[in-house]
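Engineer: If you want the numbering used here, it's the 1-based position in the sequence shown plus 392. Where is the CB? At the ideal position from N, CA and C, for every residue including glycine. Here the structure is a predicted model, which is why all the values come from computation and not from measurement. First the structure, which I've put down as structure tokens, then a few questions once you've had a look.
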Amino acid sequence: MKRVFRLLAVLIITFSFSYSQSIDSSIVKIYTVSKATNYLEPWNSSVQRSSGSGSIISGNRILTNAHVVANETFIEVKKYGDTKRYQAKVLYVSHDIDLALLEVKDKEFFKNTTPLEFGDLPNIQDKVTVYGYPMGGHTISVSKGIVSRIEHNVYAHSGKSFLAIQIDAAINPGNSGGPAISNGKIVGVVMQGITFSQNIGYMVPVDMIKHFLKDVEDGKLDGFPKLGIMTDKIENPTLKEYYHLAEDAGGILVVDIVYNSVLKDVLKKEDIITSINGHKIESDGTVEFRENQYTHFKYYIDLLQYGDKVALDIIRNGKKMTLHVSLPKTLSSEHSTYAELEYDTMPRYFMLGGYVFSPVSQNLLNASMAPMLGLRYAATKFPTKDKQELVVLLKVLASAHTRGDYGIAMWHIEKVNGKEFKDFKEFYHLVRDADSKYVILEDEDGAKVVIDRKKALESEKDLLRRYSIKANRSDNL
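See below:
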């Protein structure tokens, strides 16, 4: 009997070792060379080198974080147990959800590897094992932890909120993109931690990963559907009384609707949405996604693909009704505010004789230390049909004809020669095609900057040379 027990113990130990080796063989280290953009000097960029982690999944693909390969110019990967680096390229990237798929053309890279499979959304207190190549060494690192929280959280890479899993496993720079494994299957991808915290890390949950993979099955990335509405909670008793709601009634109040929202012809301001696809919305704007577990109501929108249908139960003027709408892709799915984070592109700019102009983006606002409270507030608003981008006079380069304007920076422009404009491209054409002696820029308060067009154009070649600027506008304009 003892002999049988010893044999069983040996078999279990051997199986566990083989099982771990199988996972290790699918863990990849990613080396990225990227272009670091400078939004305050949009013609300049520098080179950065970084590394991250990834895992081999079906179809000879590598799953990792978007931020591991963002702004990439060259990517190499190395698998566990090998010293050779292989060149890779990005297949698809979702900056919103911080996920990317890579491919390696040399099929030799995938020899003796086993693609990892996906599990289900874990439960609180489930054990997970995190694999990757964090700082502190060059070989693979494995750390263990438990799932401590599942709810919507802000993804640092995009600044947007999606379902996230919090774990207490040790996560360090370089872990990003590595898989979190439970019962031998991927349940999340490590994406970020909290600096100076004690083992608080976050993963992109498997539900979001599966959405991303299903999205790209047709060969293109559509992203996550957005309703294009601004809502508010209805927790205050007086507010509930005002809208004739019972004290225990749930729901969210529609405050604003973006001009090209998929719901622009369906919802109205002050509608109260009480459920999404049959899932009740609580007064605090949450929905129950598991028994006694709640998260942001948009969870049941995030699970949908473009083309899917959604049913909204609403209360309008005290009357209950159900609205059905499909989710076609519109501009609102691309831009919910003026200030979106940008990746994989150079900043847009245009220069007229030392006066440098740029559209407002979150990258630009993050790069600037100036308070600019009015501009930052404006950037939080929804675009309108007539105003889809904000434009600033970014800076003024010193020259004979720009004297007195050197100190102007991040100045918000509303009009060109008395005309308003929809976006940066239209602004560019208004300035470039102006046939008057002066180009008159005006802010929302009526203050003006006046440019002598002829003198500006005459000075431009010298200014480009003096400030080592290759062109008076960005290639992507």
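Taking the alpha-carbon positions, what's the L704 to Q440 distance?
Structural biologist: Using only the alpha carbons, I get a separation of about 47 Å.
Engineer: For T687, which of helix, strand or coil comes out of DSSP?
Structural biologist: If DSSP states are grouped into helix, strand and coil, T687 belongs with the strands.
Engineer: Taking the DSSP output, what are the residues bridged to H671?
Structural biologist: I668, per the DSSP bridge assignment.
Engineer: Give me the Cβ distance between G444 and G585, rounded to the nearest whole Å; I'm assuming they're in contact under 8 Å.
Structural biologist: That belief does not hold up - the Cβ atoms of G444 and G585 are roughly 13 Å apart, past 8 Å.
Engineer: Leaving out five residues before and five after E850 in sequence, what residues of the same chain have Cβ atoms less than 6 Å from its Cβ?
Structural biologist: Nothing listed; no residue qualifies.
Engineer: What is the residue span of the beta strand (DSSP E) that F681 lies within?
Structural biologist: Taken as a continuous stretch (DSSP letters only), the beta strand (DSSP E) holding F681 covers T678 to R682.
Engineer: Along the chain, where does the alpha helix (DSSP H) that runs through L849 open and close?
Structural biologist: First-last of the alpha helix (DSSP H) with L849: R845 to R858.
Engineer: Could you tell me which residues DSSP puts in a beta bridge with I419?
Structural biologist: Per DSSP, S447.
Engineer: Our contact map puts I649 next to I626 with C-beta atoms below 8 Å; I'd like the distance itself, whole angstroms only.
Structural biologist: About 17 Å separates the two Cβ atoms, so there is no contact after all.
Engineer: Give me the Cβ distance between M870 and S437, rounded to the nearest whole Å; I'm assuming they're in contact under 8 Å.
Structural biologist: Absent from the structure is residue 870, since the part of the chain shown begins at 393 and ends at 869.
Engineer: Label M761 either buried or exposed according to how many other C-beta atoms from any shown protein chain fall within 10 Å of its C-beta, with 16 as the threshold for buried.
Structural biologist: Classification of M761: exposed, given that the 10 Å Cβ count is below 16.
Engineer: What residue from E812, L785, I805 and K811 has the CA that sits closest to G799's CA?
Structural biologist: When only C-alpha atoms are compared, the closest one is L785.
Engineer: Restricting to Cα atoms, I'd like to know which of A826, M802, S750 and M583 is closest to P434.
Structural biologist: Closest by alpha carbon: S750.
Engineer: Would you call the region 491-499 and the region 534-552 touching, i.e. three or more CB-CB distances under 8 Å?
Structural biologist: The answer is no - the region 534-552 does not touch the region 491-499, with fewer than three Cβ pairs under 8 Å.
Engineer: Just to check my reading of the structure: Y692 and F742 have Cβ atoms closer than 8 Å, yes? What is that Cβ distance to the nearest angstrom?
Structural biologist: Not quite, the Cβ-Cβ distance comes to about 43 Å (not below 8 Å), so this is no contact.
Engineer: Which same chain residues, not among the five before or five after K471, have their C-beta less than 6 Å away from its C-beta?
Structural biologist: Contacts found: V420.
Engineer: Give me the residue from Q780, K840, D610 and Q558 with the minimum Cα distance to Y594.
Structural biologist: For the residues Q780, K840, D610 and Q558, the minimum Cα distance to Y594 belongs to Q558.
Engineer: For E509 and D778, what's the separation of their Cα atoms in angstroms?
Structural biologist: Their backbone Cα atoms lie some 47 Å apart in a straight line.
Engineer: Using only alpha-carbon positions, find the residue among Q479, K612 and A792 that is nearest to L855.
Structural biologist: Here the closest residue by C-alpha is A792.
Engineer: When the Cα atoms are used, what is the spatial distance from V496 to N430?
Structural biologist: If I take the Cα positions, the gap works out to 30 Å.
Engineer: What three-state label does DSSP hand S724 in the structure shown?
Structural biologist: Low confidence applies here, because S724 scores a pLDDT of 43, under 50, leaving its location unreliable and the question unanswered by this model.
Engineer: Once you ignore the five residues that flank S725 on each side, which residues in its own chain have a CB closer than 7 Å to its CB?
Structural biologist: Interpretation of S725 is limited by its pLDDT of 41, a score under 50 that renders its predicted location unreliable; the figure taken from the coordinates is listed afterwards. Once the five neighbours on either side are set aside, the close Cβ partners of S725 are G615, P617 and K618.
Engineer: Classify K712 as buried or exposed, calling it buried when 16 or more other Cβ atoms lie within 10 Å of its own Cβ.
Structural biologist: Label assigned to K712: exposed.
Engineer: Excluding five sequence neighbours on each side, which residues of the same chain lie with their C-beta closer than 6 Å to the C-beta of L723?
Structural biologist: Residue confidence for L723 is low, a pLDDT of 43 falling below 50, so the modelled location carries little weight and cannot support an answer.
Engineer: Given a threshold of 16 other Cβ atoms within 10 Å of its Cβ, counted over all protein chains shown, does F407 qualify as buried or as exposed?
Structural biologist: Bear in mind that the predicted position of F407 carries a pLDDT of just 37, short of 50, making it too unreliable to give a figure here.
Engineer: Looking at the structure shown, is L493 part of a helix, part of a strand, or coil, going by DSSP?
Structural biologist: Correct three-state label for L493: strand.
Engineer: Could you tell me the distance, in whole angstroms, from the CA atom of K632 to the CA atom of E639?
Structural biologist: Between K632 and E639, the C-alpha separation is close to 7 Å.
Engineer: Roughly how many angstroms lie between the CA atoms of E812 and R824, to the nearest whole one?
Structural biologist: Computed Cα separation, rounded: 15 Å.
Engineer: Since K536 and A561 are thought to touch, with beta carbons under 8 Å apart, how far apart are those beta carbons, to the nearest angstrom?
Structural biologist: At roughly 6 Å, the Cβ-Cβ gap stays under 8 Å, so K536 and A561 are in contact.
Engineer: To which residues does DSSP link A572 through a beta bridge?
Structural biologist: The partner list for A572 (beta bridge, DSSP) reads V522 and G580.
Engineer: Specify the secondary structure class of P629 as computed by DSSP and reduced to three states.
Structural biologist: In this structure, P629 counts as helix in the three-state DSSP scheme.
Engineer: Do you know how far the Cα of E806 is from the Cα of K519?
Structural biologist: Cα to Cα, the separation comes out at about 55 Å.
Engineer: Between the Cα of K847 and those of Y747, S442, R682 and G710, spot the shortest distance and give me the residue it belongs to.
Structural biologist: Ranking Y747, S442, R682 and G710 by Cα distance to K847 puts Y747 first.
Engineer: Please report the residue range of the alpha helix (DSSP H) in which R768 lies.
Structural biologist: Taken as a continuous stretch (DSSP letters only), the alpha helix (DSSP H) holding R768 covers L765 to A770.
Engineer: Restricting to Cα atoms, I'd like to know which of A839, L513 and E468 is closest to I422.
Structural biologist: Taking only the C-alpha atoms, the option nearest I422 is E468.
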